[in-house]
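Novice: Counting from 51, one number per residue, gives the positions in the sequence shown under this note's numbering.
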Amino acid sequence: MTACPTGIAHTYMAAEKLAQAAQELGHAMKVETQGSIGAENVLSDREVAEADGIIIAADKDVDLSRFAGKRVLSVGVAEGIHHPERLIRDVLDAPVHRGPGAGAGGGGGADLFGGAGGAGGKERGSVYKALMNGVSYMIPFVVVGGLLIAVSLALGGRTTPQGIVFDSSFWQSVNDIGVIGFTLMIPVLSGYIAYAIGDRPALVPGMVGGWVASHGELYDSKAGAGFIGAIATGFLAGYLVLWIKKVRVPDFVRPIMPIIVIPVVATTSLGLFFIYVIGRPIAWVFEHLTSWLGGLTGTSAALLGVVLGLMISFDMGGPVNKTAFLFGAGLVSKNPEIMGMCAAAIPVPPLGQGLATLLRRGLFSAQERETGLAALFMGCFGITEGAIPFAAARPARVIPANMAGGAVAGAVAGLAAVQDNVPHGGPVVAALGAVGGVPMFFVAIAIGTVVTALTTVTLMAVGTVGKEASAAPAPVVPAPVVPAPGTGAPVTGPASAGSALSGRLTARTVRPRLASREKEAAIREMAGLLAASGAVTDVDGLVAAALAWEELGTTGLGEEIAIPHAKTDAVSAPVVGFARSDEGIEWGALDGTRARLIFMIAVPSAAAGDEHLRILAMLSRKLMDPEFRERLLSAESEAGALVDVLREVR
């Protein structure tokens, strides 16, 4: 079984590699793919029972409960593409999966947040997958909560010495709804980390533990433990549930273990442990940290700004952040310069992470790029939590980058004696007239944002050196063994009826030599090529749709292949085009190869189902055959000769 976060071309490329390797090694293999068009070629209970071993190549959680009692080898998706023969050999000695459980957690050998797709082909660790599961469920709460708060502040807020208040009950209600979203964000992060480790019985203890961690009043702390505490409770809950599952109980108790015993015992134990064992030391630490900050007021403004900026940016709404914020807010009437330092640092993490997704889009997933746009918006309204999804996913890289930018912003604001007369931060307080020294306030924010963004992309680029080749094509989803490519009779018109491209690709939509040398120009040239079919009603609209898809993530698949595609009203019927590039075009493929084989797929928006994805899946599988690619590259420079080769796509 293979699965990946996006579930498009890479899923099927990996599936094909595994199928080819099985055939060469003399094994019968069936591969279930879990792509964007849903699960295909699903493994039956009988097939699972008869299997010698199960290979799970996935970068997202996969339900393993149906594989209990079978040898299961769980790896990252890149492994299925680059080392399929090794996986087939290793699965015969893989450990037996015991009992139901969620998550296709990778085995040992991967580091805490990273072995995924790393150099040498390490698989993603189970810890990483659990963390990503929590982050993926948390992101909608961050976005919805943050945007509602931002909109309410922008349209209904008014500054007072006590902060920003609302004159209208309507905008107050909008703000309250946003606050609810933010309040649920931390328990959801914790709960779904626990769920990925311990399955459904771990969900309640994880969520309750996250709620306890985020509500400091339960353990006499003015600031809760924030998202860092939620990560801790998520893993504690997950592994506590796994441990309880191993306890032998009488047969009559087993039916109620997952729905009563485990949730109740784990929730109670974790909650009390956090309140009485972890929580009180947290409260003590941050009380003394507040006292220490009070002793810094007489030191240089720049040093105090650095300290406050570091704290504000460390955990983004957590106890360290809140300690600095409450310190500044407590002095806002006597010393507004201190709140000015905090206000300049507050928007830097979300603005910096949002800017990073714009500077180096290829380093971020499509979901992260969308979250980055929301983070930019939240940063403008002083919502530091907009950066939490990035920090939770890559704490070792993002948190230091946030702190660097926050420290710079705080120092610049301190040196410039920027004043903030309300306990809030971000550009919104300047827009509402609460800031003294507005020009330098924005200079401080801008410099801090740039520092955070550049530091983030630098640390991420360093972290991915050597990984890109192995992570290149991406996720793996085993599929049934594919017959050896047939030859068949040549065709000179449309791809023959047996081909997946029949009726969609003709000699008119094939170009032996592409004139363009850059990606955007190539997409425009391909759109013009498709127009020769008569199915394109708006060439510019097709180009815009294809470029919009490229913004979400490159369609450069590696192996010198690119498949731009679109589902748009600019075409009246499904159409496929193909062209070759002699020199190759830089398409952003992770393996660094330039695209020489370029397909373009376009289907109408009203087309039933996911036809473009199915065409893409069939093409991706076929293009994993090196002999097929070589035939495309070496075929005569005539459209008919290329169509003859392309008819093999089935």
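We treat Cβ as the ideally placed atom computed from N, Cα and C, and that holds for glycine.
If we count the other Cβ atoms within 10 Å of its Cβ and call it buried at 16 or more, is threonine 434 buried or exposed?
Specialist: Locating residue 434 in the sequence shown gives position 384, counting from the first residue. Threonine 434 should be labelled buried.
Novice: Bridge partners of valine 215, per DSSP?
Specialist: Residue numbering aside, residue 215 sits at position 165 when the sequence shown is read from its first letter. BP columns for valine 215 point to Arg208.
Novice: Since alanine 484 and alanine 459 are thought to touch, with beta carbons under 8 Å apart, how far apart are those beta carbons, to the nearest angstrom?
Specialist: Counting from 1 along the sequence shown, the entry for residue 484 is found at position 434. Counting from 1 along the sequence shown, the entry for residue 459 is found at position 409. Contact doesn't hold; Cβ gap of about 17 Å is too wide.
Novice: Suppose the cutoff is 6 Å on Cβ atoms and the five residues either side in sequence are ignored; what does the same chain contact list for threonine 421 look like?
Specialist: Mapped onto the sequence shown, residue 421 falls at position 371. Ile189 and Pro439.
Novice: Which partner residues of glutamine 469 appear in the DSSP bridge assignment?
Specialist: Within the sequence shown, the letter at position 419 stands for residue 469. Gly486, per the DSSP bridge assignment.
Novice: Could you give the distance in angstroms between the alpha-carbon of proline 308 and the alpha-carbon of valine 315?
Specialist: One-based indexing of the sequence shown puts residue 308 at position 258. One-based indexing of the sequence shown puts residue 315 at position 265. About 11 Å.
Novice: Helix, strand or coil: which one does DSSP assign to phenylalanine 431?
Specialist: Walking along the sequence shown from the start, residue 431 turns up at place 381. Looking at phenylalanine 431 - three-state DSSP - the assignment turns out to be coil, as it is neither helix nor strand.
Novice: When you compare only the Cα positions, how much space is there between alanine 246 and glycine 329?
Specialist: The sequence position of residue 246 within the sequence shown is 196, counting from 1. The sequence position of residue 329 within the sequence shown is 279, counting from 1. Each residue's Cα considered, the two are about 25 Å apart.
Novice: Nearest-angstrom Cα distance between arginine 630 and tryptophan 293?
Specialist: Along the sequence shown, one-based indexing puts residue 630 at 580. Along the sequence shown, one-based indexing puts residue 293 at 243. Approximately 57 Å between the Cα atoms of the pair.
Novice: Where does isoleucine 396 fall in DSSP's three states?
Specialist: Against the sequence shown, residue 396 aligns to sequence position 346. Looking at isoleucine 396 - three-state DSSP - the assignment turns out to be coil, as it is neither helix nor strand.
Novice: My guess is that arginine 447 and threonine 506 are in contact by the Cβ rule of under 8 Å, so how many angstroms apart are they, rounded?
Specialist: Residue mapping note: residue 447 aligns to position 397 of the sequence shown, counting from 1. Residue mapping note: residue 506 aligns to position 456 of the sequence shown, counting from 1. Rounded, the Cβ-Cβ distance is 7 Å, consistent with contact.
Novice: Exposed or buried, what is alanine 698 when buried is set at 16 or more other beta-carbons lying within 10 Å of its beta-carbon?
Specialist: Numbered from its first residue, the sequence shown carries residue 698 at position 648. What sits at residue 698 in the sequence shown is glutamate, not alanine. When all chains shown are included, glutamate 698 counts as buried.
Novice: So if DSSP puts lysine 617 in a beta bridge, which residue, or which two residues, is it bridged to?
Specialist: Counting from one through the sequence shown, the residue named residue 617 turns up at place 567. BP columns for lysine 617 point to Val653.
Novice: Do you know how far the Cα of glycine 260 is from the Cα of alanine 244?
Specialist: Residue 244 sits at position 194 when you count from the first residue of the sequence shown. Residue 260 sits at position 210 when you count from the first residue of the sequence shown. So the alpha carbons of these two residues sit roughly 10 Å apart.
Novice: So, valine 100 versus leucine 93, is the Cβ gap smaller than 8 Å?
Specialist: In the sequence shown, residue 100 corresponds to position 50, counting from 1. In the sequence shown, residue 93 corresponds to position 43, counting from 1. Per the sequence shown, the amino acid found at residue 100 is glutamate instead of valine. Contact flag unset, no.
Novice: Give a yes or no on whether the C-beta atoms belonging to alanine 461 and glycine 359 are separated by under 8 Å.
Specialist: As a working note, residue 461 is residue 411 in the sequence shown. As a working note, residue 359 is residue 309 in the sequence shown. Yes, the Cβ-Cβ distance between alanine 461 and glycine 359 is below 8 Å.
Novice: Here's a check: name, in chain order, each residue in its chain whose Cβ is nearer than 8 Å to the Cβ of glycine 591, leaving out the five neighbours to either side.
Specialist: Position 541 of the sequence shown holds residue 591. Contacts found: Thr618, Asp619 and Ala620.
Novice: Just to confirm my understanding: we take threonine 559, look at its own chain, exclude 5 residues before and 5 after, and list those with CB closer than 8 Å. What are they?
Specialist: Mapped onto the sequence shown, residue 559 falls at position 509. Correct list, in chain order: Leu579, Leu580, Ala582, Ser583, Val625, Val626, Gly627 and Phe628.
Novice: Got a sec? Which residues, its chain only, sit under 7 Å from leucine 75 by beta carbon, not counting five neighbours each side?
Specialist: As a working mapping, residue 75 is identified with position 25 in the sequence shown. Glu135 and Ile138, listed in sequence order.
Novice: Tyrosine 326 to phenylalanine 277, Cα distance in whole Å?
Specialist: Residue numbering aside, residue 326 sits at position 276 when the sequence shown is read from its first letter. Residue numbering aside, residue 277 sits at position 227 when the sequence shown is read from its first letter. Taking the straight line joining both Cα atoms gives about 19 Å.
Novice: Find the nearest neighbour of glycine 130 within the set Ile106, Glu680 and Ala144, judged by alpha-carbon distance.
Specialist: On the sequence shown, residue 130 is found 80 positions in, with the first residue counted as 1. Taking only the C-alpha atoms, the option nearest glycine 130 is Ile106.
Novice: Can you give me the Cβ contacts of glycine 429 inside the same chain, cut-off strictly under 7 Å, excluding the 5 residues immediately before and after it?
Specialist: Indexing the sequence shown from 1 puts residue 429 at position 379. Excluding sequence neighbours, glycine 429 sits near Pro397, Pro400, Leu401, Gly404, Gly436 and Gly476.
Novice: With a CB to CB cut of under 6 Å and the five nearest residues on each side skipped, what residues in its chain are close to isoleucine 611?
Specialist: The count along the sequence shown starts at 1 and reaches residue 611 at position 561. Closer than 6 Å at Cβ, skipping near neighbours: Leu647 and Leu673.
Novice: Helix, strand or coil: which one does DSSP assign to glycine 578?
Specialist: As a working mapping, residue 578 is identified with position 528 in the sequence shown. DSSP places glycine 578 in helix when its eight states are reduced to three.
Novice: With 16 other CB atoms within 10 Å as the buried threshold, where does leucine 408 fall?
Specialist: Counting from 1 along the sequence shown, the entry for residue 408 is found at position 358. Flag for leucine 408 reads exposed.
Novice: If we call anything under 8 Å between Cβ atoms a contact, is alanine 596 one with alanine 623?
Specialist: Residue numbering aside, residue 596 sits at position 546 when the sequence shown is read from its first letter. Residue numbering aside, residue 623 sits at position 573 when the sequence shown is read from its first letter. Not a contact, by the Cβ cut-off of 8 Å.
Novice: Checking the sheet assignment: what are the DSSP bridge partners for serine 124?
Specialist: The sequence position of residue 124 within the sequence shown is 74, counting from 1. In the DSSP output, where bridge partners are listed per residue, serine 124 has Ile106.
Novice: Ordered along the chain, which non-local residues of its own chain (more than five positions away) have a Cβ less than 7 Å from that of aspartate 365?
Specialist: Your numbering for residue 365 matches position 315 in the sequence shown. For aspartate 365, where only same-chain residues beyond five positions count, the Cβ hits under 7 Å are Gly276, Phe277, Ile278 and Asn371.
Novice: If we count Cβ pairs, one from each stretch, closer than 8 Å, do we get three or more for the stretch 260-269 versus the stretch 218-232?
Specialist: With the cut-off at 8 Å, the stretch 260-269 and the stretch 218-232 do not touch.
Novice: Going by DSSP, which residues form a beta bridge with phenylalanine 628?
Specialist: Start at 1 with the first residue of the sequence shown, and residue 628 comes out as number 578. According to DSSP, which records beta bridges pairwise, phenylalanine 628 is partnered with Val560 and Phe649.
Novice: Taking the DSSP output, what are the residues bridged to valine 146?
Specialist: Walking along the sequence shown from the start, residue 146 turns up at place 96. Its beta-bridge partners are Arg121.
Novice: Taking DSSP's pairing of strands, which residues face glycine 196 in a bridge?
Specialist: Here residue 196 corresponds to residue number 146 of the sequence shown, with the count starting at 1. Paired residue(s): none; glycine 196 is not in a bridge.
Novice: Should threonine 52 be labelled buried (16 or more other beta-carbon atoms within 10 Å of its own) or exposed?
Specialist: Indexing the sequence shown from 1 puts residue 52 at position 2. Buried, by the Cβ-count rule.
Novice: Taking the DSSP output, what are the residues bridged to isoleucine 611?
Specialist: Stepping through the sequence shown from its first residue, residue 611 is reached at position 561. According to DSSP, isoleucine 611 bridges with Gly608 and Leu647.
Novice: Which value, in whole angstroms, describes the spacing of the CA atoms of serine 240 and valine 177?
Specialist: Indexing the sequence shown from 1 puts residue 240 at position 190. Indexing the sequence shown from 1 puts residue 177 at position 127. Going by the C-alpha atoms only, they are around 13 Å apart.
Novice: Counting only the same chain and skipping the five closest in sequence on each side, list residues whose C-beta sits under 7 Å from that of valine 254.
Specialist: What you label residue 254 is simply residue 204 of the sequence shown in a count that begins at 1. Counting only Cβ-Cβ distances below 7 Å, and skipping sequence neighbours, we find Pro313 and Thr317.
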